[in-house]
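Asker: The structure that follows is given in the form of structure tokens.
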Amino acid sequence: MSKVRVRFAPSPTGGLHLGGVRTVLFNYLFAKKQDGSFIVRVEDTDQSRYVEGAEKYIFDCLAWCGIAADESVIAGGPYAPYRQSERKDLYRQYAEKLVQDGNAYYAFDTPEEIETMREFLKTTGSGSLQYDHNSRSRMNNSLRLLPEETQALLNSGTPHVIRIKVNANETVQFTDMIRGDITVDTNNVDDKVLLKADGMPTYHLAVVVDDYLMKITHAFRGEEWVPSAPIHILLWKYLFGLHNMPHWAHLPLILKPDGNGKLSKRDGDRLGFPVYAMDWTDPKTGDTTKGFKELGFLPEAFLNMLAMLGWNPGTEQEIFSMDELIQSFSMDRVHTSGAKFDFEKAKWFNHEWIKKLSASTLAPLVTNTLAQKNLQITDNDYLVKVVDLVKERCTLLTDFYEQAGYFFKAPLTLDEAAVKPKWTTEKNNFFEEFIIRIVAAENFDSAAIETIFKELATEKNIKPGELQLPMRIMLVGAKFGPGVFDIATTIGKEQTIARIKTALEIFK
RNA sequence: GCCGCGUUGGUCAAGGGGUUAAGACGCUUCCCUUUCACGGAAGAGUCACGGGUUCGAUUCCCGUACGUGGUACCA
10 MSKVRVRFAP
20 SPTGGLHLGG
30 VRTVLFNYLF
40 AKKQDGSFIV
50 RVEDTDQSRY
60 VEGAEKYIFD
70 CLAWCGIAAD
80 ESVIAGGPYA
90 PYRQSERKDL
100 YRQYAEKLVQ
110 DGNAYYAFDT
120 PEEIETMREF
130 LKTTGSGSLQ
140 YDHNSRSRMN
150 NSLRLLPEET
160 QALLNSGTPH
170 VIRIKVNANE
180 TVQFTDMIRG
190 DITVDTNNVD
200 DKVLLKADGM
210 PTYHLAVVVD
220 DYLMKITHAF
230 RGEEWVPSAP
240 IHILLWKYLF
250 GLHNMPHWAH
260 LPLILKPDGN
270 GKLSKRDGDR
280 LGFPVYAMDW
290 TDPKTGDTTK
300 GFKELGFLPE
310 AFLNMLAMLG
320 WNPGTEQEIF
330 SMDELIQSFS
340 MDRVHTSGAK
350 FDFEKAKWFN
360 HEWIKKLSAS
370 TLAPLVTNTL
380 AQKNLQITDN
390 DYLVKVVDLV
400 KERCTLLTDF
410 YEQAGYFFKA
420 PLTLDEAAVK
430 PKWTTEKNNF
440 FEEFIIRIVA
450 AENFDSAAIE
460 TIFKELATEK
470 NIKPGELQLP
480 MRIMLVGAKF
490 GPGVFDIATT
500 IGKEQTIARI
510 KTALEIFK
């Protein structure tokens with residue numbers, strides 16, 4: 010059996026959408042499991058939609074995800090170039106061959122003429138408004154024109170496209186690895202443009218030619234391609250033979266959480282969650298769309314979450330590392346129906362991953378997020394200790410600022426309302442005495458502090474519980490965080506005393 | 001409109017002719033903790049509808065409804 014080769018074929022038209030990343034993931038998992046190759050081919054055949062920087066951005070996203078292409082624009086490879094615009098000249102010969110074999114034809118119709126044809130079709134009450142086996146007999150193409158007429162138009166340089174000739178009354182059948190057999194009546198498929206007037210191929214021609222040339226064995230793409238699959242099957246049949254055709258799998262869509270339809274960038278803006286893998290700034294408008302990365306997601310969690318949207322191992326395991334995914338993944342366990350995106354569940358995956366990863370693994374990432382809030386970390390060992398103490402309280406990486414910030418600088422404000430109403434001179438005296446005792450103490454570990462605290466409380470005849478909350482507010486500023494004595498020992502004796510003194514002034 | 005694909009709790013989903021129809025997220029309650037989390041326990045909530053086939057259908061078949069995708073010289 011030949012080596013498995015799969016490809017992800019993005020168009021550089023904007024941010025990398027959730028669904029796109031999942032398509033990458035499934036391709037990648039499948040390839041790695043079979044010890045195959047994962048190829049990234051840039052499909053930039055539509056010059057009008059080309060967006061500056063989008064290609065680099067896509068590769069940045071893949072890098073963040075930890076997914077490396079075996080062959081690509083960047084990595085190179087035996088089938089270069091991997092950018093379709095650079096392969097432009099290749100496609101024409103295949104289109105011409107199709108014309109010669111009678112499987113395609115030249116069409117000289119202007120957009121206006123096609124529009125007129127559709128308007129006419131509407132008046133006839135015909136169900137189909139397509140340029141197809143039926144309507145083409147009325148149009149300006151080499152099928153209807155005399156050979157001399159066609160030649161004359163060609164010679165005079167009249168703009169034209171090449172369209173596939175789909176025969177009437179046939180059926181096209183193919184097997185989808187996820188959906189099983191799909192059969193389509195050719196009467197419903199139109200004569201799609203293969204080669205545009207500018208000489209660029211359309212997606213339909215380009216995928217088939219490149220998948221053949223690049224020896225792709227399995228072609229995975231979104232479900233939105235199912236309706237045009239028959240065109241591709243026909244092209245394979247005409248050009249390279251069905252026996253060389255890759256196996257197909259059409260992945261289910263990721264849908265909006267609320268209403269209906271495919272998840273889009275707009276839904277993220279509207280509902281307040283990211284849709285792109287990383288921040289994307291539109292070069293034309295300058296608008297930035299938030300990405301999962303910048304929001305504080307770990308790539309491990311992002312990918313894990315995506316894998317579970319549309320695929321399920323059939324066991325109760327939900328948390329998977331990339332290696333585990335590669336081991337467990339199989340295309341036949343991918344679902345047929347679309348799944349609504351749930352941001353809450355996405356956050357849950359991130360939380361699980363933050364808990365799962367060690368503090369030292371997390372530390373560099375936390376350093377970065379804190380730096381973005383102008384909190385510079387100089388002591389990594391100290392950071393690791395802090396991360397270990399607070400990580401189970403953080404859902405997103407960005408939560409570390411709030412959850413760990415007070416370990417690095419004293420709180421700016423204290424939650425006075427939580428203390429003042431029940432504040433007494435006895436309590437004030439307790440803390441003044443407490444400072445004296447910890448100054449004198451040899452040990453400043455968590456247990457020692459707790460012992461001193463509780464003994465003094467007993468002496469003063471105050472319940473320790475009534476003193477712990479004020480102490481927390483003194484050290485943290487608010488009602489959250491790990492055990493107070495753990496905080497005290499971590500920030501150290503000096504800081505602890507300083508913060509208590511400051512707070513005592515405020516509580517007075 | 002036409003064509004394709006789909007339909008298990010609010011969401012992700014396991015299962016698949018006979019089950020008390022898993023599990024997770026979210027939600028509620030309780031325990032732990034005089035903080036917030038974590039952890040633990042419990043709870044509410046489901047097989048779209050109508051016909052078949054069958055001793056028996058959530059599971060198979062056919063319709064309907066609904067959803068979704070396509071219907072571009074976009075991918």
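Convert by adding 9 to the 1-based position in the first sequence; the result is the number in the working numbering.
We put the beta carbon where it would ideally sit given N, CA and C, even for glycine.
Note that the structure is predicted; figures quoted are calculated from it, not measured.
Exposed or buried, what is Asn377 when buried is set at 16 or more other beta-carbons lying within 10 Å of its beta-carbon?
Answerer: That one is exposed.
Asker: Could you tell me the alpha carbon to alpha carbon distance between Leu162 and Val108, rounded to whole angstroms?
Answerer: Looking at the two C-alpha atoms, the distance is approximately 16 Å.
Asker: Taking 8 Å as the threshold, find out whether the stretch 451-460 comes into contact with the stretch 380-395 through three or more Cβ pairs.
Answerer: No, the stretch 451-460 is not in contact with the stretch 380-395.
Asker: Curious, which full-length alpha helix (DSSP H) runs of at least 4 residues does the stretch 410-481 contain?
Answerer: Runs of the alpha helix (DSSP H) inside the stretch 410-481: 434-449 and 455-469.
Asker: Could you name the residues of the same chain whose beta carbon sits closer than 6 Å to that of His360, not counting the 5 residues immediately before and after it, in chain order?
Answerer: Thr404, listed in sequence order.
Asker: Could you tell me if Lys299 is buried or exposed, where buried requires 16 or more neighbouring beta carbons within 10 angstroms of its beta carbon?
Answerer: Buried: at least 16 other Cβ atoms inside 10 Å.
Asker: To which residues of the same chain is Lys205 closer than 7 Å at the C-beta, ignoring the five residues directly before and after it?
Answerer: Val170 and Thr211.
Asker: Kindly give me the distance between the Cβ atoms of Phe183 and Ala238, rounded to whole angstroms, as I take these residues to be in contact under 8 Å.
Answerer: Between Ala238 and Phe183 the Cβ distance is about 6 Å, and since that is below 8 Å, they are a contact.
Asker: Rounded to the nearest angstrom, how far is the Cβ of Gly347 from that of Leu262, given a contact under 8 Å?
Answerer: About 4 Å separates the two Cβ atoms, so the contact holds.
Asker: For Ala78, which residues does DSSP report across the bridge?
Answerer: BP columns for Ala78 are empty, so no partner.
Asker: Assuming the contact rule is C-beta atoms closer than 8 Å, Pro292 and Gly62 should be a hit. Round their C-beta distance to whole Å, please.
Answerer: Indeed they touch by this definition, with Cβ atoms about 6 Å apart.
Asker: Taking the alpha-carbon positions, what's the Ser369 to Glu233 distance?
Answerer: Taking the straight line joining both Cα atoms gives about 43 Å.
Asker: Once the 5 residues before and after Ile67 are set aside, which same chain residues still bring their CB inside 7 Å of it?
Answerer: Around Ile67: Pro19, Pro21 and Leu25.
Asker: In the DSSP output, what is Asp194 paired with across the bridge?
Answerer: DSSP lists Thr180 as partners of Asp194.
Asker: State buried or exposed for Arg446, treating a residue as buried only when at least 16 other CB atoms are found within 10 Å of its CB.
Answerer: It is exposed - the Cβ of Arg446 has fewer than 16 other Cβ atoms within 10 Å.
Asker: Just verifying my parser: in three-state terms, what is the DSSP assignment at Ala228?
Answerer: Here Ala228 sits in strand by DSSP.
Asker: What residue does the beta strand (DSSP E) around Val15 start on, and which one ends it?
Answerer: Residues Arg14 to Phe17.
Asker: Determine, using beta-carbon pairs with one atom in the stretch 63-82 and one in the stretch 37-48, whether at least three such pairs fall under 8 Å.
Answerer: Contact between the stretch 63-82 and the stretch 37-48 is present, because at least three Cβ pairs lie under 8 Å.
Asker: If you drop the 5 nearest sequence neighbours on each side, which residues of the same chain put their C-beta closer than 8 Å to that of Lys224?
Answerer: Once the five neighbours on either side are set aside, the close Cβ partners of Lys224 are Ser11, Arg14 and Tyr88.
Asker: Using only alpha-carbon positions, find the residue among Lys429, Ala427, Lys302 and Glu468 that is nearest to Phe443.
Answerer: Among Lys429, Ala427, Lys302 and Glu468, the Cα nearest to that of Phe443 belongs to Glu468.
Asker: Where does Ile240 fall in DSSP's three states?
Answerer: Here Ile240 sits in helix by DSSP.
Asker: Can you tell me the Cα-Cα spacing of Lys400 and Gly231, whole angstroms?
Answerer: In a straight line, the C-alpha of Lys400 is about 36 Å away from that of Gly231.
Asker: Roughly how many angstroms lie between the CA atoms of Tyr59 and Arg275, to the nearest whole one?
Answerer: Roughly 20 Å between the two C-alpha positions.
Asker: Indicate the three-state DSSP secondary structure (helix, strand or coil) for Lys265 in the structure shown.
Answerer: Note: Lys265 maps to coil in three-state DSSP.
Asker: Reducing DSSP to helix, strand and coil, say where Arg92 ends up.
Answerer: Reduced to three states, the DSSP call for Arg92 is strand.
Asker: What is the C-beta distance between Ile471 and Lys502, in whole angstroms, given that I count them as a contact (C-beta under 8 Å)?
Answerer: The pair is not a contact, with the Cβ atoms about 22 Å apart (cut-off 8 Å).
Asker: Under a three-way DSSP split, which group does Ile328 fall into?
Answerer: DSSP places Ile328 in coil when its eight states are reduced to three.
Asker: Could you check what DSSP says for Thr290 in three-state terms: helix, strand or coil?
Answerer: Looking at Thr290 - three-state DSSP - the assignment turns out to be strand.
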